Amino acid sequence: MTAMVLHRPGTPLIAETRPVPDPGPGEIRVRVEACAVCRTDLHVVDGELPGGQLPVVPGHEIVGRVEALGTGVTTPAIGTRVGIPWLGHTCGHCAYCLEGHENLCDTPAFTGFTRDGGFATHVVADAAYAFALEGFDDPVAAAPMMCAGLIGWRALRMAGEGRRIGLYGFGAAAHLIAQVLNWQGREVYAFTRAGDNAAQAHAMKLGATWAGGSEEAPPTLLDAAIIFAPVGALVPLALRAVRKGGRVVCGGIHMSDIPSFPYDILWEERELISVANLTRADAVEFLALAPKAGVKADTVTYPLAQANQALDDLRNGRFQGAAVLLP
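By the numbering used here, the letter at position 46 of the sequence shown is numbered 195, and the numbering carries on one by one without gaps.
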């Protein structure tokens with residue numbers, strides 16, 4: 150098999166030839182059809198997330214076909230198309246798992262971070278954390294659903310049922326969740342880097358009510374805002390943009406420091422919360438909803454060997470939607 154491997158944070162991935170892995174008990178081996186490139190992959194490669202394994206194969210928005218089953222596995226069956234997300238395993242017995250909050254598990258495993266991921270031709274995954282992709286015929290379009298879609302969906306649920314929703318950072322997650330919001334009959338207010346006309350045009354094309362720079366005030370106060378960009382300075386801006394009783398959700402796994410801000414923009418029962426990882430229930434829910442809502446990922450494809458280029462293009466905002474690697 151071929152894999153793009155990170156040996157040291159801050160250095161390019163290296164192409165390696167490895168033996169095709171055998172799945173262990175409870176695991177499956179998947180031949181990768183497509184793996185989307187997530188901003189979390191950038192955080193892993195750039196060394197912004199502590200606690201990962203090295204060397205590691207990044208990638209956690211994986212779509213492929215089940216090729217082999219480990220002992221004890223009966224489903225998904227060989228040949229099934231599955232999606233493999235960021236959450237790769239949980240203990241099942243800590244207080245968080247027992248309370249239905251497996252996303253907060255004390256001893257989790259994460260695909261492409263603490264276990265090898267999908268920037269490769271093959272990947273081994275825990276069978277209980279792989280999802281059959283019914284109704285997803287295009288692996289390229291399905292790949293971004295496995296994190297941009299899933300974490301976006303969890304963030305949206307945490308944002309509440311308000312009508313006017315702001316999305317800060319109009320990238321892979323926001324462009325999918327904007328489509329869900331449109332389907333739900335809600336209004337999207339898209340915030341981009343100042344002067345990023347392409348991203349603003351992309352948002353308007355996808356049905357946004359308004360699009361502008363992140364430092365601009367929206368034309369009306371918002372019911373809630375989701376911050377997908379890893380920029381702490383957006384938190385005070387988003388708090389100023391929501392109404393009394395509004396909520397600001399930080400949707401990323403990493404963010405730069407949040408600057409100090411006056412208490413009065415948090416006062417009046419505004420809320421500031423974060424999203425951590427996802428649960429399998431989130432995946433089941435979103436993967437059933439996305440086809441009904443007609444959610445379509447805008448993608449730019451790269452050969453697996455060009456993973457470093459895809460990461461750099463994501464880092465510098467050179468495309469709209471999501472990058473997808475093809476083995």
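The beta-carbon is built from N, C-alpha and C at its ideal position, and this holds for glycine as well.
Remember, it's a predicted structure, so these values are computed and weren't measured experimentally.
Exclusion of the five residues before and after Ala456 leaves Met153, Leu162, Phe268 and Leu474 as the residues of its chain whose Cβ lies within less than 7 Å of its Cβ. DSSP places Trp302 in the uninterrupted alpha helix (DSSP H) bounded by Ala297 to Ala308.
Within the DSSP secondary-structure output, Ala269 pairs in a beta bridge with Ala152. With fewer than 16 other Cβ atoms inside 10 Å of its own Cβ, Glu310 counts as exposed. Spatial neighbours of Gly228 in its own chain (CB-CB distance under 7 Å, excluding positions within 5 residues in sequence) are listed in chain order as Arg214 and Val215. Here Leu371 is buried, its C-beta having at least 16 other C-beta atoms within 10 Å. Here the C-alpha atom of Ala446 lies approximately 7 Å from the C-alpha atom of Pro293.
Restricting attention to Ala347, His351 and Arg313, the CA atom closest to the CA of Gln333 is found in Arg313. By the beta-carbon neighbour count (other beta carbons within 10 angstroms, threshold 16), Arg464 is exposed. With a cutoff of 9 Å on beta-carbon distance, Leu155 and Trp235 are scored as not near each other. Cys399 sits in a strand when the DSSP states are folded into three classes. Taking a C-beta distance under 9 Å as the contact criterion, Gly219 and Asp171 qualify as a contact pair.
Our two residues, Tyr451 and Ala459, have alpha carbons roughly 7 Å apart in a direct line.
Non-local C-beta neighbours of Gly232 in its own chain, meaning closer than 6 Å and more than five positions away in sequence, comprise Val212, Phe280, Leu282 and Met295, ordered along the chain. Nearest C-alpha to Phe285 among Gly470, Val449, Ala437 and Tyr245: Ala437.
By alpha-carbon distance to Pro199, the top candidate from Val179, Arg157 and Ala226 is Arg157. Ala456 sits in a helix when the DSSP states are folded into three classes.
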